[in-house]
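Data first, discussion second: the structure below is written as structure tokens.
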Amino acid sequence: MGIAALILWLLTAAGGFVLLGTWIAKGGARQPSSSHLPVPVVFGHFLLAVAGLLVWIVYLAIDNEALAWVAFGLLVPVALLGFTMLARWLPVYRARTANRVAAEAPAERHFPVAIVGGHGVLAVTTVVLVLLTALGVGGN
Numbered sequence: 001m002g003i004a005a006l007i008l009w010l011l012t013a014a015g016g017f018v019l020l021g022t023w024i025a026k027g028g029a030r031q032p033s034s035s036h037l038p039v040p041v042v043f044g045h046f047l048l049a050v051a052g053l054l055v056w057i058v059y060l061a062i063d064n065e066a067l068a069w070v071a072f073g074l075l076v077p078v079a080l081l082g083f084t085m086l087a088r089w090l091p092v093y094r095a096r097t098a099n100r101v102a103a104e105a106p107a108e109r110h111f112p113v114a115i116v117g118g119h120g121v122l123a124v125t126t127v128v129l130v131l132l133t134a135l136g137v138g139g140n
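In terms of the numbering used here, the sequence shown has 75 at position 75, counting the first letter as 1, and numbering is strictly consecutive.
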């Protein structure tokens, strides 16, 4: 189950990289006043997720149960920041159909909906698998 969590975590990260890259390319970090996603939340989410992934890889390599719990502990704030960003992105998504000048649109307006949804579903599944693995369900 630990390897399945790793694979899903990597797929989740790939979707996250697409979203982060889109947000940066469209000016989210350069013009934080136009974005609904605060820079510290975006980069905090990213950095904690990467830290957790690295801890998870080390856990898989040395099979130290404490590291599985550390990885899960890192995923809790990652998930909370992710839900925060989702809640702040939804009004932007709903406003997509309104007539807006592209220069006024927040960077996250350009997020592909399928990537946002896939990233979220994969993330929730990853958290569940990491928790089950830390609990010892299904073996490593």
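Virtual Cβ for every residue (Gly too), placed ideally from N, Cα, C.
Alpha carbon to alpha carbon, how far is L80 from A87? Give it in angstroms, no decimals. For the purposes of this step, residue 87 is taken as the residue at position 87 of the sequence shown. For the purposes of this step, residue 80 is taken as the residue at position 80 of the sequence shown. Their backbone Cα atoms lie some 11 angstroms apart in a straight line.
Among T84, L135 and V127, nearest to V39 - alpha-carbon criterion: If you number the sequence shown from 1, residue 39 lands on position 39. Ranking the options by Cα distance to V39, first place goes to T84.
Assumed close pair L90, M1 - CB separation to whole angstroms, cut-off 8 angstroms: If you number the sequence shown from 1, residue 90 lands on position 90. If you number the sequence shown from 1, residue 1 lands on position 1. About 32 angstroms; that fails the 8 angstroms criterion.
Taking only three categories from DSSP, how would you classify L54? Along the sequence shown, read from residue 1 onward, the residue named residue 54 stands at position 54. Here L54 sits in helix by DSSP.
Span separating the alpha-carbon of A49 from that of L74: The residue you call residue 49 lines up with position 49 of the sequence shown. The residue you call residue 74 lines up with position 74 of the sequence shown. Their Cα atoms are separated by approximately 7 angstroms.
Extent of the continuous alpha helix (DSSP H) to which P91 belongs: Working through the sequence shown from its first residue, we reach residue 91 at position 91. P91: member of the alpha helix (DSSP H) spanning E65 to R94, first to last residue.
Candidates I57, A14, L67 and L19: closest to P112 by CA position: Taking the sequence shown and counting its residues from 1, one reaches residue 112 at position 112. Distances from the CA of P112 to each of I57, A14, L67 and L19 were compared; the closest alpha carbon is that of L19.
Hey, out of G16, R30 and D63, whose CA is closest to R107's CA? One-based indexing of the sequence shown puts residue 107 at position 107. Sequence check: residue 107 is Ala here, not Arg. Comparing alpha-carbon positions, the option among G16, R30 and D63 lying closest to A107 turns out to be R30.
Give the DSSP-derived three-state secondary structure of L37 in the structure shown. One-based indexing of the sequence shown puts residue 37 at position 37. Under the three-state reduction of DSSP output, L37 falls in the coil class, being neither helix nor strand.
By the three-class DSSP mapping on this structure, what secondary structure does G27 have? Looking up residue 27 in the sequence shown gives position 27. In the structure shown, G27 sits in coil (DSSP, three-state: anything other than H, G, I, E or B).
Below 8 angstroms on the Cβ atoms is my contact criterion, and I expect A4 with L122 to pass it. Report the Cβ-Cβ distance as a whole number of Å. On the sequence shown, position 4 is the one that residue 4 refers to. On the sequence shown, position 122 is the one that residue 122 refers to. A4 to L122, Cβ: 12 angstroms. No contact.
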